[in-house]
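Okay, so the sequence shown: first residue is 382 according to my numbering, each after it adds one.
Glycine residues also receive a C-beta, built at the ideal position from the N, C-alpha and C atoms.
First the structure, in the form of structure tokens, and then the observations on it.
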Amino acid sequence: MTENCWEFMKCGRDGSNNQSICPAVTDSRANKVNRGRNGGRVCWAVDGTFCAGRVQGTYAEKVLICSECPFRHKVQEEERTKFRQIYFKI
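This is the structure we're talking about:
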């Protein structure tokens with residue numbers, strides 16, 4: 382079974398408690414991409430995700446931070462040639 386970012390990061394922003402829900406949990410545009418639920422395995426492309434204890438910015442603002450993220454590396458390794466980078470147009 383594949384892990385989504387909120388499970389890997391253990392941020393508590395998945396709606397299971399009283400904290401705000403992360404946009405990666407609810408963004409259905411990427412549902413099933415990299416075998417994830419909603420934006421859970423492309424969180425680097427979802428604006429305003431909660432990571433490292435704070436709200437992150439847009440893809441353009443967080444691209445460098447996310448390129449070093451252990452979760453992103455895990456997804457790339459698990460998906461290998463099926464890995465999909467994704468960009469959302471607004």
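For Asp408, I'd like the list of residues in its chain whose CB is within less than 7 Å of its CB, leaving aside the five on either flank, ordered along the chain. Asn419, Gly420 and Val427
Is Phe431 helix, strand or coil when you go by DSSP? strand
Arg422 beta carbon less than 8 Å from that of Val526: What is shown of the chain runs 382 to 471, which leaves residue 526 out entirely.
What does the alpha-carbon distance come out to for the pair Ile471 and Thr439? Here Ile471 scores only 45 on pLDDT, less than 50, and its place in the model is too uncertain to base an answer on.
Using a Cβ distance threshold of 8 Å, determine whether the segment 457-466 contacts the segment 388-405, with at least three qualifying pairs required. no
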